[in-house]
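Visitor: Before we start, here is the structure in question, set down as structure tokens.
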Amino acid sequence: MKNWKKFLAVSVACSSLFFAHADAAYQLNDEVANPPVALQMATQIGVLKYENPNLQSHMDKDAIVVLSFGTTYKDQRTKSIDATAQAIQAAHPNAKVVTAFTSHIVIKHIVENEGKCDYMTPEQTLDQLKREGYTRVALVSLDVIPGMEYKYDIALFHEYKTQFKKMTLGTPLMYWQGQEEQPDDVMQVMQSLHLPAYKKGTAILLMAHGTPDPSNAYYSVMQEKLRRMKRDDVHIYTVEGWPRLEDWAGKMKMHKVEKIILMPLMMVAGDHANNDMAGDEDDSHKVILQKMGFKVEAKLQGLGESKRIRDIFVERANEAWEALVK
């Protein structure tokens with residue numbers, strides 16, 4: 374094992390706080406005696422796990438909390454978010470599986486538009502699980518990349534971890550990028566997308582969300598994986614990050630593209646997909662491209678509608694679960 378890896382990892386003996394992917398783990402160099410909490414946390418990576426030494430005598434009662442940003446589009450909640458949670462429940466029939474929405478605003482709008490909301494915030498969900506006597510909780514993220522929303526999940530983990538006997542937090546859809554001894558989540562997802570077959574004169578633009586967080590760089594990694602798949606006709610752009618639509622539109626003209634297929638690279642085909650991407654307003658991506666002379670086709674399907682993608686989310690849930698029950 375290389376020296377940098379030896380230096381960077383946290384041993385189980387040093388702390389009950391550690392990250393791991395499946396059986397992979399990092400360990401601090403043996404010469405580091407009594408590492409401080411800050412050093413331990415600086416090396417955390419992958420699936421997060423915490424065991425409360427003061428609650429180990431409590432009986433095991435297990436729950437899985439599926440964390441999603443949520444959506445105000447009711448059909449997408451059913452086809453993408455609920456369908457994924459149901460697949461996770463099917464894989465873990467003996468655990469209680471509950472979905473929580475990290476967007477408090479989405480919950481508010483659902484109540485206003487539908488009269489009630491069947492989803493609580495993560496904080497409300499964990500408080501209720503504690504009242505119901507659940508002692509071991511696996512947090513499962515439906516985030517696409519480890520961006521700002523995933524940081525909310527991590528903060529939630531640290532806020533509530535000591536209130537339960539054991540808690541874990543799984544990784545989002547794409548986390549590992551094929552680093553040494555780690556899987557390539559990004560390639561796995563890119564290969565699982567339902568992309569139209571290559572056709573000369575046609576380009577596919579995948580609309581991602583984007584983030585001001587440095588994790589926005591994941592989109593460049595995705596683009597490189599697509600290049601390795603020989604899909605130079607597929608390009609990723611973002612609504613609120615980089616690259617933007619205009620970064621690709623001019624290049625499409627240069628490459629004599631006649632038709633563009635727009636597809637969301639998001640968990641749900643919600644407001645961004647229906648309005649920003651495929652809307653009929655002058656500033657929608659579809660209309661902008663049509664004004665540039667392109668034929669445009671919009672496909673409104675969230676990632677969660679794909680069984681291939683749901684299966685990957687089940688894999689992520691399994692990793693969090695395995696860390697919980699070991």
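Count along the sequence shown from 1, add 373, and you get the number used in the numbering used here.
Using N, Cα and C, we set each Cβ at its ideal position, and we do this for glycine too.
As the structure is a prediction and not an experimental result, all values here were calculated from the model.
Give every residue of the same chain whose Cβ lies closer than 8 Å to the Cβ of ILE652, excluding the five residues on either side of it in the sequence, and list them in chain order.
Guide: This sequence places Gly at residue 652; Ile is not what is there. Around GLY652, the same chain offers LYS659, VAL660 as residues with beta carbons nearer than 8 Å, after the five sequence neighbours per side are excluded.
Visitor: Run through the DSSP bridge pairs and tell me what TYR423 is partnered with.
Guide: MET540
Visitor: Name the DSSP beta bridge partners of HIS608, please?
Guide: LEU578
Visitor: When you compare the CB positions of VAL510 and ALA463, do they come within less than 7 Å of one another, or not?
Guide: No; because the gap between Cβ atoms is not below 7 Å, this pair is not in contact.
Visitor: Quick check on GLU487: buried or exposed, where buried means 16 or more other Cβ atoms within 10 Å of its Cβ?
Guide: exposed
Visitor: With three or more C-beta pairs closer than 8 Å as the rule, is the stretch 511-519 touching the stretch 542-556?
Guide: yes
Visitor: In its own chain, which residues sit with a C-beta less than 7 Å from the C-beta of MET595, not counting the 5 before and 5 after it?
Guide: Hits under 7 Å: VAL559, MET563, ILE609.
Visitor: Nearest-angstrom Cα distance between ILE483 and VAL471?
Guide: The straight-line gap from Cα to Cα measures roughly 18 Å.
Visitor: Bridge partners for ILE483 per DSSP, in chain order?
Guide: DSSP, once it has assigned bridges, lists no residue as partnering ILE483.
Visitor: Determine the direct distance from the alpha carbon of LYS447 to that of PRO569, and round the result to whole angstroms.
Guide: 27 Å
Visitor: Within this structure, are the beta carbons of MET521 and THR475 separated by less than 7 Å?
Guide: no
Visitor: For ASP433 and PHE530, I'd like the C-alpha separation in whole angstroms.
Guide: 19 Å
Visitor: Is it right to say GLN449 is buried, meaning 16 or more other beta carbons lie within 10 angstroms of its own, or is it exposed?
Guide: So GLN449 ends up on the buried side.
Visitor: What is the DSSP secondary structure of ILE634, reduced to helix, strand or coil?
Guide: strand
Visitor: Hey, how far is the Cα of GLN327 from the Cα of PHE667?
Guide: Since the first residue of the chain shown is 374 and the last is 699, residue 327 is not available in this structure.
Visitor: Excluding the 5 residues flanking ASP556 on each side, which residues of the same chain have their C-beta closer than 6 Å to its C-beta?
Guide: In the sequence as presented, Asp is not what sits at residue 556; that position holds Pro. Cβ neighbours of PRO556 within its own chain (closer than 6 Å, five residues either side excluded): TRP549.
Visitor: With a cut-off of 8 Å on the beta carbons, I'd call LYS503 and LEU697 a contact; round off their distance for me.
Guide: In fact, because the Cβ distance is near 16 Å, the residues do not count as touching under 8 Å.
Visitor: Please report the straight-line C-alpha distance between LYS699 and GLU631, rounded to a whole angstrom.
Guide: Roughly 55 Å separates the two Cα atoms.
Visitor: Among the residues of its own chain, which have a CB less than 8 Å from the CB of TRP615, if the five just before and after it don't count?
Guide: GLY583, ASN589, TYR592
Visitor: Under 8 Å Cβ to Cβ from ILE633, same chain only, skipping five residues before and after it: list those, please.
Guide: THR575, ALA576, ILE577, LEU578, MET625, LEU662, PHE667, LYS668, VAL669, GLU670
Visitor: With LEU440 and LEU512 assumed to form a contact (beta carbons below 8 Å), what rounded beta-carbon distance in angstroms separates them?
Guide: 6 Å
Visitor: If LEU673 and ALA642 are in contact, beta carbons under 8 Å, what's the gap, nearest whole angstrom?
Guide: 4 Å
Visitor: Can you look up THR535 in the DSSP assignment and give me helix, strand or coil?
Guide: helix
Visitor: How many angstroms separate the CA atom of PRO587 from the CA atom of LYS524?
Guide: 12 Å
Visitor: Where ASP620 and LEU566 are concerned, what is the direct C-alpha to C-alpha distance, given to the nearest angstrom?
Guide: Rounded to whole angstroms, ASP620 to LEU566 spans 22 Å at the Cα level.
Visitor: Confirm, please, whether the CB-CB distance from HIS645 to VAL607 is below 7 Å.
Guide: For VAL607 and HIS645, no; Cβs fall outside 7 Å.
Visitor: How would you call ASP526, buried or exposed, if buried means at least 16 neighbouring beta carbons within 10 angstroms?
Guide: buried
Visitor: Would you call the CB atoms of VAL479 and THR445 closer than 7 Å?
Guide: yes
Visitor: Are VAL420 and GLU692 touching if we call contact CB-CB under 7 Å?
Guide: yes
Visitor: Report the residue ranges of all alpha helix (DSSP H) runs contained in full by the stretch 427-483; include only those spanning at least 4 residues, in chain order.
Guide: 456-464
Visitor: On the premise that THR535 lies in contact with HIS701, defined as a C-beta separation below 8 Å, what is that separation, rounded to the nearest angstrom?
Guide: Residue numbering for the chain in the displayed model covers 374 to 699; residue 701 lies beyond these limits and cannot be assessed.
Visitor: Determine the direct distance from the alpha carbon of LYS422 to that of PRO409, and round the result to whole angstroms.
Guide: 18 Å
Visitor: Per DSSP, what kind of secondary structure is MET627 in: helix, strand or coil?
Guide: helix
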